[in-house]
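In UniProt numbering, the protein residues as written are 1 to 659.
Glycine included, each C-beta is placed from N, C-alpha and C at the ideal position.
Before any comments, here is the structure.
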Amino acid sequence: MVGRIPVIDVTPVVDGGRLPAKAAVGEPFPVSATVFREGHDRLGAEVVLIGPDGLRHPPVRLQPQPVTDRHSVDRHSAWVTPDLPGLWAFEIHAWSDPIATWQHDAGIKIRAGVDVELMFAEGKLLLERVLPSLTTKSDKTVVAGAIKAAHDVKRPVEARLAQMESPELAAVLLANPLRELVTIDGPYPAYADRPRALFGSWYEFFPRSEGAYRDAKTGTVVSGTFSTAAKRLEGVAAMGFDVIYLPPIHPIGEVNRKGPNNTLTPGPDDPGSPWAIGSKDGGHDAVHPDLGTLADFDAFVASAASLGLEVALDLALQCAPDHPWVAAHPEWFTTRADGTIAYAENPPKKYQDIYPLNFDNDPEGLAQEILRVVRHWMAHGVRIFRVDNPHTKPVLFWQWLLAEIRTTDPDVIFLSEAFTKPPMLQTLGSIGFHQSYSYFTWRTAKGEVEDYLREVATESAHRVRPNFFVNTPDILHEFLQYGGPAAFKIRAALAATGSPSWGVYAGYELFEHVAVRPGSEEYLDSEKYQVRIRDWEAAEAEGRSLAPYLTKLNDARRRHPALQQLRNLVIHPTEDDGILCFSKTAGPDKVIVVINLDPHAVRETMVHLDLAALGLPSGTSFPVHDELTGSEWTWTADNFVRLDPREEPAHVLTVRPAQ
Numbered sequence: 001m002v003g004r005i006p007v008i009d010v011t012p013v014v015d016g017g018r019l020p021a022k023a024a025v026g027e028p029f030p031v032s033a034t035v036f037r038e039g040h041d042r043l044g045a046e047v048v049l050i051g052p053d054g055l056r057h058p059p060v061r062l063q064p065q066p067v068t069d070r071h072s073v074d075r076h077s078a079w080v081t082p083d084l085p086g087l088w089a090f091e092i093h094a095w096s097d098p099i100a101t102w103q104h105d106a107g108i109k110i111r112a113g114v115d116v117e118l119m120f121a122e123g124k125l126l127l128e129r130v131l132p133s134l135t136t137k138s139d140k141t142v143v144a145g146a147i148k149a150a151h152d153v154k155r156p157v158e159a160r161l162a163q164m165e166s167p168e169l170a171a172v173l174l175a176n177p178l179r180e181l182v183t184i185d186g187p188y189p190a191y192a193d194r195p196r197a198l199f200g201s202w203y204e205f206f207p208r209s210e211g212a213y214r215d216a217k218t219g220t221v222v223s224g225t226f227s228t229a230a231k232r233l234e235g236v237a238a239m240g241f242d243v244i245y246l247p248p249i250h251p252i253g254e255v256n257r258k259g260p261n262n263t264l265t266p267g268p269d270d271p272g273s274p275w276a277i278g279s280k281d282g283g284h285d286a287v288h289p290d291l292g293t294l295a296d297f298d299a300f301v302a303s304a305a306s307l308g309l310e311v312a313l314d315l316a317l318q319c320a321p322d323h324p325w326v327a328a329h330p331e332w333f334t335t336r337a338d339g340t341i342a343y344a345e346n347p348p349k350k351y352q353d354i355y356p357l358n359f360d361n362d363p364e365g366l367a368q369e370i371l372r373v374v375r376h377w378m379a380h381g382v383r384i385f386r387v388d389n390p391h392t393k394p395v396l397f398w399q400w401l402l403a404e405i406r407t408t409d410p411d412v413i414f415l416s417e418a419f420t421k422p423p424m425l426q427t428l429g430s431i432g433f434h435q436s437y438s439y440f441t442w443r444t445a446k447g448e449v450e451d452y453l454r455e456v457a458t459e460s461a462h463r464v465r466p467n468f469f470v471n472t473p474d475i476l477h478e479f480l481q482y483g484g485p486a487a488f489k490i491r492a493a494l495a496a497t498g499s500p501s502w503g504v505y506a507g508y509e510l511f512e513h514v515a516v517r518p519g520s521e522e523y524l525d526s527e528k529y530q531v532r533i534r535d536w537e538a539a540e541a542e543g544r545s546l547a548p549y550l551t552k553l554n555d556a557r558r559r560h561p562a563l564q565q566l567r568n569l570v571i572h573p574t575e576d577d578g579i580l581c582f583s584k585t586a587g588p589d590k591v592i593v594v595i596n597l598d599p600h601a602v603r604e605t606m607v608h609l610d611l612a613a614l615g616l617p618s619g620t621s622f623p624v625h626d627e628l629t630g631s632e633w634t635w636t637a638d639n640f641v642r643l644d645p646r647e648e649p650a651h652v653l654t655v656r657p658a659q
């Protein structure tokens, strides 16, 4: 039922409040609602946060939004910040504001000489109702002075009215409003996750490639191990990454094993795809013998932790034909008319080395086994899971699994690798996935980048947190294939500043860009099917590595709270269709990003800043510092920019305090 003061279209609300909106500890998020009433009397509204402990936080006044279109009429909003992890709620409180109504009417009538003393008398009565609720001597003095002015007929009318409209009185009444006809709407849930769910820099590598080498005598490739991979962690941490993500580390099936470049004719030494999980050596709770033992994995996790890195492990719910589950639980798979088990397909792609799971034959048994597997790896120090293709499994299963884990271990984070249609991607975020891969990879032109940044920062932030991976083992976008080193800088700068979470797959810093064939997004000699031997030290020593650039980006992200938030992004106009500008602010921290999206040409333009969005006075000038080059300039609302992608395609500008 609509309240006495109608409150409608509240945001952020997911599925009518059945599911919690996304929040993170320390992350401000906007609450808004359309609040109105009959007639012309004034009203007020505020948002009240209710913490996981049930305690109510001090209310935050909702402010009227500027009317820009029909959707913003009577719209009110405020920003609130949860400070503890857990399930929060918020309520909208709306009320009739008789004092604001009086101030509006009195300002017109008294100045016009209409009902002057009657208006003063009514104002006095309203202020007398406020006086008992005040707790400080200064507030009481301000209100008592206004009451005295209201009935002091010896003073000029103008002076009496000025005291009743004073900024001091307005401030007291704003903090202590006189409420009538109070309407409460809500509560609406919002879940605050730990900060890593919102902010983090991810680095992906295959442990079998780190420390691998070719035997000089036999010519065969010797796999890396957890021990050799741990030696690479220092370089990853030095670049400023927070999360080291590992593709599946389990035994790899031998039946229908794939060879190089996804061929069906592997040689005897070909290692196969890590996503073809399971063999005689075990399944999802085992590690590949070539990598070491569970004890070796534990040591790897400990080494990562000592360097400030969290380990994210791939959770790929699929099996090789020789996975132990196939023999023990054939009901967990789909049997075709000829009696064979169906392998995975995504026409025209075929995955003969993988059996997908069927969640309909024995949903309870399969779900409990997967829960056991997840808890197994949690017990070995894994608190982040990157989930492979969750959109190919029932949403109901994920909602159950994530709720089970959240109940006992709310710090565990799940990243959804769901390159799929928006309804599925958004629903997976809504039912509990903390982060999601996104469509960022395919947004390269200015207009589509601007639209997408607005979407993830405002339209979908209550449902989905994006992780802007610049590349993955599956995706080498043509922008990187043909854009040269400048393209790698552009995409890294855009991802690292446009989203609080971003990711890099190993080899990016070496500008690996060759596709298996024209028109394909698959890497040539893909690491999914073979070990890739890289000489990181030689590349950096010879200046062939992007590592120093990635280090600068991650350093800026760690030092600037503005880059650690999602919802604070504002697009600013430029006069060139190849140059993008946006800003992010967090309190006094203000960052302006300008990027040349064209890797092939120098671009020049005027950048026009919305100073109000930056919290800067109109007409002001201010110093800026480029985090990437160290350059300093003085900027205003309108600035000329020239960006040469061969030198530096981006400015990441910190607004310095004026001297």
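Of the listed residues the options, nearest to residue i (C-alpha basis)
i      : options                        : result
Arg558 : Ala295, Asp105, Val591         : Val591
Leu357 : Thr220, Phe397, Ala100         : Phe397
Ala650 : Glu522, Ser631, Ile595         : Ile595
Leu480 : Gly3, His600, Thr427           : His600
Asp535 : Tyr529, Trp377, Ser545         : Ser545
Ala227 : Gly240, Glu210, Gly235         : A small correction: the amino acid at residue 227 is Ser; Ala does not occupy that position in the sequence shown. It is Glu210 whose Cα lies nearest to the Cα of Ser227.
Leu366 : Val382, Trp633, Ala344, Ala328 : Ala328
Leu616 : Lys584, Asp281, Asp626, Val641 : Lys584
Ala495 : Arg443, Phe300, Leu425         : Arg443
Thr317 : Ala238, Glu234, Leu401         : Checking the sequence, you will find Leu at residue 317 rather than Thr. It is Leu401.
Cys581 : Val593, Arg160, Met424         : Val593
Ile370 : Leu315, Pro500, Pro248         : Leu315
Gln63  : Leu55, Ala493, Leu43, Glu122   : Leu43
Status (buried if at least 16 other CB within 10 Å, exposed otherwise) for residue i
i           : result
residue 738 : No statement about residue 738 is possible, as the shown extent of the chain runs from 1 to 659 and does not include it.
Leu125      : exposed
Tyr482      : exposed
residue 669 : The question about residue 669 has no answer here: the residues shown for the chain are numbered 1 through 659.
Arg372      : exposed
Glu527      : buried
Asp97       : buried
Lys350      : exposed
Lys552      : buried
Leu569      : buried
Asn346      : exposed
Val153      : exposed
His151      : exposed
Glu204      : buried
Lys137      : exposed
Lys421      : exposed
Phe29       : buried
Ser223      : buried
Thr225      : buried
His40       : exposed
Pro548      : exposed
Asp388      : buried
For residue i: DSSP bridge partner residues
i      : result
Phe640 : Met606
Asn596 : Ile579
Arg61  : Glu46
Asp388 : Glu417
Tyr549 : DSSP output for Tyr549 lists no bridge partner at all.
Thr585 : Lys590
Gln318 : Pro356
Pro623 : Thr634
Ser306 : For Ser306, which the question treats as bridged, DSSP gives no partner whatsoever.
Val531 : Answer by DSSP bridge pairing: none, since Val531 is not bridged.
Leu653 : Ile592, Asp626
Ala327 : Looking at the DSSP assignment, Ala327 forms no beta bridge with any residue, so it has no partner.
C-beta neighbour in chain C for residue i, strict 9 Å
i      : result
Ile579 : Structure shown: chain C not included; a single protein chain is present.
What ranges does the alpha helix (DSSP H) occupy inside the stretch 150 to 214, keeping only unbroken runs of at least 4 residues that lie completely in it? Uninterrupted alpha helix (DSSP H) stretches at least 4 residues long and entirely within the stretch 150 to 214 occur at 157 to 164, 167 to 175, given in chain order.
Please go through the stretch 398 to 465 and give each complete beta strand (DSSP E) segment of 3 or more residues, from N-terminal end onward. Runs of beta strand (DSSP E) with 3 or more residues, each lying fully within the stretch 398 to 465, are found at 413 to 417, 435 to 437, listed in chain order.
Runs of alpha helix (DSSP H) lying entirely within the stretch 75 to 129, each at least 4 residues, in chain order: The alpha helix (DSSP H) runs of length 4 or more contained entirely in the stretch 75 to 129 are, from start to end of the chain, 98 to 112.
I'd like to know if the stretch 636 to 648 and the stretch 482 to 494 are in contact, where contact means that at least 3 CB-CB pairs between them fall below 8 Å. Contact holds: three or more Cβ-Cβ distances are below 8 Å.
Could you tell me whether the stretch 258 to 270 touches the stretch 183 to 200, using the rule of 3 or more Cβ pairs below 8 Å? As far as the Cβ criterion goes, the stretch 258 to 270 does not touch the stretch 183 to 200, which means the pair count is below three.
What are the start and end residues of each continuous alpha helix (DSSP H) run of 4 or more residues lying completely inside the stretch 473 to 522, in chain order? Listed in chain order, the complete alpha helix (DSSP H) runs (minimum 4 residues) inside the stretch 473 to 522 are 478 to 482, 484 to 498.
Taking only runs that begin and end inside the stretch 220 to 263, name each unbroken beta strand (DSSP E) of 3 or more residues, in chain order. Under the rule that a run must span 3 or more residues, the beta strand (DSSP E) segments found entirely inside the stretch 220 to 263 read 243 to 246.
State whether the stretch 433 to 447 contacts the stretch 461 to 468, with contact taken as three or more CB pairs (one from each stretch) at a distance under 8 Å. By the Cβ criterion, the stretch 433 to 447 is in contact with the stretch 461 to 468, since at least three pairs of Cβ atoms, one from each stretch, lie closer than 8 Å.
Do the stretch 305 to 312 and the stretch 275 to 287 touch if we need at least three Cβ pairs shorter than 8 Å? No, because fewer than three Cβ pairs between the stretch 305 to 312 and the stretch 275 to 287 fall closer than 8 Å, the two stretches do not touch.
Within 8 Å, do at least three Cβ pairs link the stretch 77 to 92 to the stretch 42 to 54? With the cut-off at 8 Å, the stretch 42 to 54 and the stretch 77 to 92 touch.
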